[in-house]
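Peer 1:
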Amino acid sequence: MTTSIAPSATHTKLDIRALNVYYGAFQAIQNASLAVPDHCVMALIGPSGCGKSTFLRALNRMHDLQPGTRVEGKVLLDGSDIYAPGIDAVAIRHRIGMVFQRPNPFPKSIFDNVAYGPRLHGTQDKKTLMEIAERSLRSAALWDEVKDRMDKSALTLSGGQQQRLCIARCLAVDPEVVLMDEPASALDPIATSKIEDLIDGLKDKYTVVIVTHSMQQAARISDFTAFFLMGELVELSTTSEIFTKPKDKRTEDYITGRYG
Amino acid sequence: MDSNLGYAGGAPKARLPLLQRIGTQRVVRFLFGSAATISTLVIVLMLVFLGIYAFPAIRFNGLGILTQSVWNIGDQYGSGHVVRAGITAMQGAQFGGLVFVFGTVVTAFVAMLFAVPLSLLVAVALVYRVPPRLRPLVNAVVELMAGVPSVVYGLWGIVVLVPFIGQRLGPWTTEHLGFLPFLGGPAGSGNGLLASSVLLSLMAMPFMVATIRDVILAQEKSIFEASMALGSTSWQAVTKAVMPSVTNGIFAAVLVALGRALGETMAVLMVCGGAVGIFAQNIFQSVNTIAAVIVSQLESALTDPTGLAQKSLAELALMLFVITLFVNIVARLILHGADRSGEA
Amino acid sequence: MRATTLRNRVSGQFWWAASVVALLLVIAVLVAIFGFVISRGLPALKPSVLFTVTSGTSGGLANAIAGTFLLVICGVVLVTLIGIGTALWMVEFANPSQRRLVRFAIDVLAGVPSIVVGYFLYVALVESLGWGFSLLAGAISLTIIMLPFVVRAADLALSGVPRALRDGAIALGARPATVTFSIAIPWAIPGILTGLLVATGIGLGETAPLIYTAGWSNFMPSLAPTHSPVGYLTYVVWTFISMPFSDSHALAYAAAALLMILIFTLNLVSRTAVDYWVLRTRGG
Numbered sequence: 001m002t003t004s005i006a007p008s009a010t011h012t013k014l015d016i017r018a019l020n021v022y023y024g025a026f027q028a029i030q031n032a033s034l035a036v037p038d039h040c041v042m043a044l045i046g047p048s049g050c051g052k053s054t055f056l057r058a059l060n061r062m063h064d065l066q067p068g069t070r071v072e073g074k075v076l077l078d079g080s081d082i083y084a085p086g087i088d089a090v091a092i093r094h095r096i097g098m099v100f101q102r103p104n105p106f107p108k109s110i111f112d113n114v115a116y117g118p119r120l121h122g123t124q125d126k127k128t129l130m131e132i133a134e135r136s137l138r139s140a141a142l143w144d145e146v147k148d149r150m151d152k153s154a155l156t157l158s159g160g161q162q163q164r165l166c167i168a169r170c171l172a173v174d175p176e177v178v179l180m181d182e183p184a185s186a187l188d189p190i191a192t193s194k195i196e197d198l199i200d201g202l203k204d205k206y207t208v209v210i211v212t213h214s215m216q217q218a219a220r221i222s223d224f225t226a227f228f229l230m231g232e233l234v235e236l237s238t239t240s241e242i243f244t245k246p247k248d249k250r251t252e253d254y255i256t257g258r259y260g
Numbered sequence: 001m002d003s004n005l006g007y008a009g010g011a012p013k014a015r016l017p018l019l020q021r022i023g024t025q026r027v028v029r030f031l032f033g034s035a036a037t038i039s040t041l042v043i044v045l046m047l048v049f050l051g052i053y054a055f056p057a058i059r060f061n062g063l064g065i066l067t068q069s070v071w072n073i074g075d076q077y078g079s080g081h082v083v084r085a086g087i088t089a090m091q092g093a094q095f096g097g098l099v100f101v102f103g104t105v106v107t108a109f110v111a112m113l114f115a116v117p118l119s120l121l122v123a124v125a126l127v128y129r130v131p132p133r134l135r136p137l138v139n140a141v142v143e144l145m146a147g148v149p150s151v152v153y154g155l156w157g158i159v160v161l162v163p164f165i166g167q168r169l170g171p172w173t174t175e176h177l178g179f180l181p182f183l184g185g186p187a188g189s190g191n192g193l194l195a196s197s198v199l200l201s202l203m204a205m206p207f208m209v210a211t212i213r214d215v216i217l218a219q220e221k222s223i224f225e226a227s228m229a230l231g232s233t234s235w236q237a238v239t240k241a242v243m244p245s246v247t248n249g250i251f252a253a254v255l256v257a258l259g260r261a262l263g264e265t266m267a268v269l270m271v272c273g274g275a276v277g278i279f280a281q282n283i284f285q286s287v288n289t290i291a292a293v294i295v296s297q298l299e300s301a302l303t304d305p306t307g308l309a310q311k312s313l314a315e316l317a318l319m320l321f322v323i324t325l326f327v328n329i330v331a332r333l334i335l336h337g338a339d340r341s342g343e344a
Numbered sequence: 001m002r003a004t005t006l007r008n009r010v011s012g013q014f015w016w017a018a019s020v021v022a023l024l025l026v027i028a029v030l031v032a033i034f035g036f037v038i039s040r041g042l043p044a045l046k047p048s049v050l051f052t053v054t055s056g057t058s059g060g061l062a063n064a065i066a067g068t069f070l071l072v073i074c075g076v077v078l079v080t081l082i083g084i085g086t087a088l089w090m091v092e093f094a095n096p097s098q099r100r101l102v103r104f105a106i107d108v109l110a111g112v113p114s115i116v117v118g119y120f121l122y123v124a125l126v127e128s129l130g131w132g133f134s135l136l137a138g139a140i141s142l143t144i145i146m147l148p149f150v151v152r153a154a155d156l157a158l159s160g161v162p163r164a165l166r167d168g169a170i171a172l173g174a175r176p177a178t179v180t181f182s183i184a185i186p187w188a189i190p191g192i193l194t195g196l197l198v199a200t201g202i203g204l205g206e207t208a209p210l211i212y213t214a215g216w217s218n219f220m221p222s223l224a225p226t227h228s229p230v231g232y233l234t235y236v237v238w239t240f241i242s243m244p245f246s247d248s249h250a251l252a253y254a255a256a257a258l259l260m261i262l263i264f265t266l267n268l269v270s271r272t273a274v275d276y277w278v279l280r281t282r283g284g
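Residue numbers (our numbering), protein chains in the order written: chain A, 1 to 260; chain B, 1 to 344; chain C, 1 to 284.
1) Please classify Asp200(A): does DSSP put it in a helix, a strand, or coil?
2) Which residues in chain B sit within 7 Å of Ile82(C), going by Cβ to Cβ distance?
3) In three-state DSSP terms, what is Met150(A)?
4) Which residues mark the beginning and the end of the beta strand (DSSP E) in which Val367(B) is found?
5) Listed in chain order, which residues of the stretch 132 to 147 of chain C have Cβ atoms closer than 7 Å to some Cβ of chain B?
6) What is the residue span of the beta strand (DSSP E) that Gln20(A) lies within?
7) Taking just the CA atoms, how far does Leu199(B) sit from Leu137(B)?
8) Taking a contact to mean a Cβ-Cβ separation below 7 Å, would you say Ala57(B) touches Ser300(B) in this structure?
9) Quick check: the stretch 270 to 285 of chain B against the stretch 125 to 137 of chain C, are at least 3 beta-carbon pairs closer than 8 Å?
10) Rounding to the nearest angstrom, what Cα-Cα distance links Glu220(A) and Glu182(A) in this structure?
11) In terms of alpha-carbon separation, which member of Trp16(C), Ile33(C), Leu197(C) and Ala44(C) lies closest to Leu155(B)?
12) Suppose the cutoff is 6 Å on Cβ atoms and the five residues either side in sequence are ignored; what does the same chain contact list for Leu193(C) look like?
13) When DSSP builds the beta bridges, which residues end up paired with Gln30(A)?
14) What residues in the stretch 186 to 215 of chain B have a beta carbon less than 7 Å from any beta carbon of chain C?
15) Can you tell me where the beta strand (DSSP E) holding Lys74(A) begins and where it ends?
16) DSSP three-state call for Leu134(B): helix, strand or coil?
17) Residues in the same chain with beta-carbon distance under 6 Å from Ala43(A), minus the five sequence neighbours each way, listed in chain order, please.
18) Please confirm whether Gly154(B) has its beta-carbon closer than 7 Å to some beta-carbon of chain A.
19) By the 10 Å Cβ neighbour count, where 16 or more other Cβ atoms means buried, how is Phe51(C) classified, buried or exposed?
20) Going along the stretch 224 to 246 of chain A in order, which residues come within less than 8 Å of chain B, judged by CB to CB distance?
21) With 7 Å set as the bound, which would you pick, yes or no: does the beta-carbon of Ala257(B) sit closer than that to a beta-carbon of chain A?
22) Helix, strand or coil for Gln163(A) per DSSP?
23) If Ile110(A) and Lys152(A) are in contact, beta carbons under 8 Å, what's the gap, nearest whole angstrom?
24) Report the neighbours of Ile223(B) on chain F: residues whose CB is nearer than 7 Å to its CB, in chain order.
25) Taking Cβ positions, are Val71(A) and Val36(A) nearer each other than 7 Å?
26) Report the CB separation of Lys203(A) from His39(A) in whole angstroms; it is logged as a contact under 8 Å.
27) At least one CB of chain A closer than 7 Å to the CB of Glu343(B): is that the case?
28) Can you tell me which of Ser159(C), Pro190(C), Thr180(C) and Ala110(C) puts its alpha carbon nearest to the alpha carbon of Ile202(C)?
29) Terminal residues of the continuous alpha helix (DSSP H) containing Thr67(B)?
30) Taking Cβ-Cβ distances below 9 Å as the criterion, which residues of the stretch 228 to 244 of chain C are in contact with chain A?
31) With 7 Å set as the bound, which would you pick, yes or no: does the beta-carbon of Ser48(C) sit closer than that to a beta-carbon of chain B?
32) Secondary structure at Asp181(A), three-state DSSP: helix, strand or coil?
33) Quick one: any contact between the stretch 9 to 25 of chain C and the stretch 229 to 245 of chain C, if contact means 3 or more CB pairs under 8 Å?
34) For Gly170(B), which of Pro186(B), Phe182(B), Pro181(B) and Phe179(B) has the nearest alpha-carbon?
35) Please name the residue or residues paired with Ala89(B) in a DSSP beta bridge.
36) I need the DSSP call for Phe224(A), collapsed to helix, strand or coil.
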C-alpha cells in the first residue's frame, strides 16, 4: 500500500487512523488511514463495491444505525476521536453533515426542509430561520430559483434542484465538514455541472469529502484524491499527481480504464 | 369460420353448440361481467330495500329517531292505536334513538382515544425496534389478533374484563381518581362504557397497527437517514420526518378503524349493559349502541303487530349505514387529497 | 445546544421504551385472551361434545359445527364465483371508468357493518321472500361480507401479473380470455388463495348477520336451502355464556376454543402453504 500522506498545507480537519469496518463477518474496510486537510475537497474514487461509501459513512457514524455493523479505529475531528466512548453521535452529526446519492427532501415545504436542522437544534425564531435559509440556499446556488416559492412543496422541484435543496438543508446546520456520497450520480449533465460548481465554492467555509464513481468529476473538482480497491486505501495524493503520476500499479490500472 | 380472421389456433372446442356460435370470449366476458354487476348492485339493493322498508317508520318517527331518548314499542295489550303521519302504531309507541346514537359515538370515540396513540407506538416499535428475525413472528401475532371473532372478545369481556372493572378497577378508580370528570360514580357491575370501549379499541388496534406499519415501511428509508444525518435523534427522525410524511395514510387508517368500531355489534352487545333511556354520566355506566340494540330489540320488536317496531329497527340500520358510509367517504377523500398534493 | 441535545436524547429514549412497552402490552393481551379461551375450552372439547347436538342449555356442538361448516362452505363457494369473477372482469375486460365504479361500490360495501347486511337480508329474504331462517340466507350474508376482501385480493393479484408474461402470450396469438385463463389466473392464484383464506377466517367469526338469516337450530342442519334454520358455533359462544349453568358455559368455551383453533390454522396455512407454493412454482 503506497500512501503518500497529503502535504499538510493547513491544519488537518479529519484524521482517520486504522479504520476497519465489518458487516457481520465480512470486512468492508481494511486498515484505512487518511488525513483530510481543512478547507479542501477530497475525492474518494474506486470501482463499485470497493468500500468508498462504507468509508464515508464511517465518518459521521452513520453505521451506528445498522445493527450488525462494526467500526474499529479512530476518526479524529480536530484531534478528538468521534468514536470515543461517551461521545454523542447526534452531536457529531451537527458538525459533520452528509448529502446522499438520491435526493431525499422531506415532503414538506422548501422552507421547512431547510429549517428542519436548525429547528432541531433549538432555533425557533422565524426571522433567524429565514436568514439561515437564505444563506444556505445561496451557498447551494438555489436561492434565486426558489426565493418566491419557499412555502411550496419541495417535491415540486426538479431532481437537480432537489439535490441542491438537500445540500442547502445540510449547510443550514452550519457543519464543519460536508460528506457527499455520489451527489450527482442520479442527475443529468447540466444539473451535475451546477452541483460541481457549487462544491468548488464550498471549500472556503467547509471541508468536503466526496465519493464519486466518475474520475473526470474527481479530476475537475477535488484537491486531493484517495483511491480505494476492495476495502483497501491504495493511494492518496493530490489530484494532479494521482492522475498524472500514480505511484501504485493498481491505481494506474484503474485510471487508465483497465477495470472499474 | 375461416373468414373470421381473429380466430387463431385451429378448430374450436366443439363442446356446446351455443359456445361455438357465440364464441368462448363473449361467454366468458358475459359471465364475469354478471359477477361484477352483482357486486356493484348489492350495495344499491341494500340501500333501496332498507329505505323502502323503513319508510313508514321514517315518516312516523320523523326527527324523533334522533332527538327522542325513549324506545318503546307501545302497549301491546291495549287496543288503542295512534296515528301519525298516516302511519298506525300501538298506543304509546315511541322510537327514539338518541341513547343509541350517543352510545355509538361515545364508545367509538373513547375507544379511539385509547387505540390511536397505542397503535402509533406499537407500529413504530414494530418497524424500528423488533429484530429482523422476530418480525415475521410478531407480524403473525398482529394478524392473528385481527382474526379473533367479535364474540370471543365479548366472551373474554364478560368473564374477565367486566368483573375486573366492576370489582377491582372501578372501586379503585372511584376512590383515588373520582374527582376527575367522568371517572367518578359507582362501578356497578362493570358492564358499560369502559368495558365496551376497551373491547372496541382491542378490536381496532390490529388493523391500525398493520396499516400504519405498512405505510411507514413504504416510505423511503432515506427520509429517516436524512434526518439522522442532520443531527436528529432517532426518535426525532421518526416523529418529525417520517410520521409527518405519512399522516394521510395514518389518518385514513384511523377513520376506517373508526367506521368499523361504529358498526361493531357482538362484543359491545355482550358488555355494554343495555342502557335504555339513560345517558352514561361516567365511564362505568351502561350504554347501548345502534348495532347492539338492533340485535337485542329484535325479539320484542317481532311482537309489534303493526310491524312498526321492526321498521324502526330497519331505520336504525339505515342510519348506521349512513354514518359509517360518511366516515368511509371522508377517509377516501383524505387519501385522494394526499395523491394530489404529491405526498407519499 | 448541548442541553437540548441531552433533553432530546432522554425523551427519545423514554418514548422508544414506551413504544416497546406498548408492543409487549398488546402481545400480552392477545396471549391472555388466547390462553383464556384455550385453557377453558380445550378441556371441554371432549369427543362426545363433537358428536352430540345442543339441547337447550347443554349437550354438544355437533349441530353447530355442521352448521358453521355448511354456512361457510356455501358462502365461500358463492364468494369465489362472484368475487373472482368480478375481479377478473375488472382487470381483464373493463375500461378504467367501469373499473373505478366497481372499486367504489366494493369499497362502500367494505364499510357496511355486518349487522346492517344481516338486517337487510332478514327483511329481503327471510321475510319478504319468505325463506325463513335458512342456510341460503345465512350463506348469502357471509358472501356479501366476504366479498370486498376477495375482490380486493383478487384484483391486486391479477393486476400484479407481469406485463411481459401477458405480452408474450398475446404475441403468440392468444385472445383475451385465453390469456386470462392460461396466464393471469395461474399467476394470481397465491394472492387469490390468501384472500379466500382470510375471508374464510372472517366468515367463521361472524355472528350478527347470521342471527338474522340463519337463525338458530338445535338440530343437525338439513341440506334444505330454505325454510330450515341452521345452528353455528358463534351463536353458542354468545348465548350459552349468559346462561346460569356451568355446563352451558363449558359449551361456550368449547365453541370459542374450536373457533380460535380453526382460525389460527387457517392463518398458518395461508402463510406457509401459499409461500411454499410461490417458492416452488416461481423460485420466490
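Positions of the beta carbon are idealized from the N, C-alpha and C atoms, including for glycine. These numbers were taken from a predicted model, which means no experiment stands behind them.
Peer 2: In short, the structure shows the following:
1) If you number the first sequence from 1, residue 200(A) lands on position 200. Looking at Asp200(A) - three-state DSSP - the assignment turns out to be helix.
2) Mapped onto the third sequence, residue 82(C) falls at position 82. Simply Ala35, Ile38 and Ser39.
3) Translated into the one-based positions of the first sequence, residue 150(A) becomes position 150. It is coil, neither helix nor strand.
4) Residue 367(B) is absent from the model: chain B starts at 1 and stops at 344.
5) Ile144 and Leu147
6) Locating residue 20(A) in the first sequence gives position 20, counting from the first residue. First, the amino acid is wrong: residue 20(A) is Asn here, not Gln. Segment Thr12 to Tyr23, the beta strand (DSSP E) holding Asn20(A).
7) Residue numbering aside, residue 137(B) sits at position 137 when the second sequence is read from its first letter. Residue numbering aside, residue 199(B) sits at position 199 when the second sequence is read from its first letter. If you take the alpha carbons of Leu137(B) and Leu199(B), they lie about 24 Å apart.
8) As a first step, residue 57(B) must be located in the second sequence, where it is residue number 57. As a first step, residue 300(B) must be located in the second sequence, where it is residue number 300. Cβ atoms of Ala57(B) and Ser300(B): not closer than 7 Å.
9) Contact between the stretch 125 to 137 of chain C and the stretch 270 to 285 of chain B is absent: fewer than 3 CB-CB pairs across the two stretches fall below 8 Å.
10) As a first step, residue 220(A) must be located in the first sequence, where it is residue number 220. As a first step, residue 182(A) must be located in the first sequence, where it is residue number 182. Note that residue 220(A) is Arg in the sequence shown, not Glu. Distance between the alpha carbons of Arg220(A) and Glu182(A): 14 Å.
11) Stepping through the second sequence from its first residue, residue 155(B) is reached at position 155. Here the closest residue by C-alpha is Ile33(C).
12) Locating residue 193(C) in the third sequence gives position 193, where the first residue counts as 1. Result list for Leu193(C): Val274, in chain order.
13) Walking along the first sequence from the start, residue 30(A) turns up at place 30. DSSP output for Gln30(A) lists Glu232(A) as bridge partner(s).
14) Leu202 and Met205
15) Start at 1 with the first residue of the first sequence, and residue 74(A) comes out as number 74. Going by DSSP, Lys74(A) is part of the beta strand (DSSP E) stretching over Thr69 to Leu77.
16) As a position in the second sequence, residue 134(B) is number 134, starting the count at 1. Reduced to three states, the DSSP call for Leu134(B) is coil.
17) Sequence index remark: in the first sequence, residue 43(A) carries index 43 (1-based). Answer for Ala43(A): Ile210, Thr212, Ala218, Ser222 and Thr225, listed in chain order.
18) By 1-based counting over the second sequence, the position of residue 154(B) is 154. Taking Cβ atoms only, chain A never reaches closer than 7 Å to Gly154(B), which makes this a no.
19) By 1-based counting over the third sequence, the position of residue 51(C) is 51. Exposed, because fewer than 16 other Cβ atoms sit within 10 Å of the Cβ of Phe51(C).
20) Residues: none.
21) For the purposes of this step, residue 257(B) is taken as residue 257 along the second sequence, with counting starting at 1. Cβ-Cβ to chain A under 7 Å: no for Ala257(B).
22) Translated into the one-based positions of the first sequence, residue 163(A) becomes position 163. Shown here, Gln163(A) sits in a helix according to DSSP, grouped into three states.
23) Looking up residue 110(A) in the first sequence gives position 110. Looking up residue 152(A) in the first sequence gives position 152. The Cβ separation is near 6 Å, so the contact holds.
24) Checking the listed chains, one finds no chain F in this structure; the protein chains it contains are A, B and C.
25) Within the first sequence, numbered from 1, the residue matching residue 71(A) stands at position 71. Within the first sequence, numbered from 1, the residue matching residue 36(A) stands at position 36. Going by C-beta atoms, Val71(A) is not nearer than 7 Å to Val36(A).
26) Taking the first residue of the first sequence as position 1, residue 203(A) is located at position 203. Taking the first residue of the first sequence as position 1, residue 39(A) is located at position 39. Between His39(A) and Lys203(A) the Cβ distance is about 5 Å, and since that is below 8 Å, they are a contact.
27) Your numbering for residue 343(B) matches position 343 in the second sequence. For Glu343(B), the predicted structure reports a pLDDT of 42, less than 50, and the residue's modelled location is therefore unreliable. The matter cannot be settled from this model.
28) As a working note, residue 202(C) is residue 202 in the third sequence. Nearest of Ser159(C), Pro190(C), Thr180(C) and Ala110(C) to Ile202(C), Cα basis: Ala110(C).
29) Counting from one through the second sequence, the residue named residue 67(B) turns up at place 67. Gly64 to Thr67 is the span of the alpha helix (DSSP H), which, as asked, contains Thr67(B).
30) none
31) Start at 1 with the first residue of the third sequence, and residue 48(C) comes out as number 48. Not one chain B Cβ lies under 7 Å of Ser48(C).
32) If you number the first sequence from 1, residue 181(A) lands on position 181. Asp181(A) falls in the strand class under three-state DSSP.
33) In this structure the stretch 9 to 25 of chain C does not lie against the stretch 229 to 245 of chain C, because fewer than three pairs of beta carbons, one per stretch, are closer than 8 Å.
34) The count along the second sequence starts at 1 and reaches residue 170(B) at position 170. Residue Pro186(B) is the option with its Cα nearest to Gly170(B).
35) Translated into positions along the second sequence, residue 89(B) becomes position 89. Partner(s): Val82(B).
36) What you label residue 224(A) is simply residue 224 of the first sequence in a count that begins at 1. It is a strand residue.
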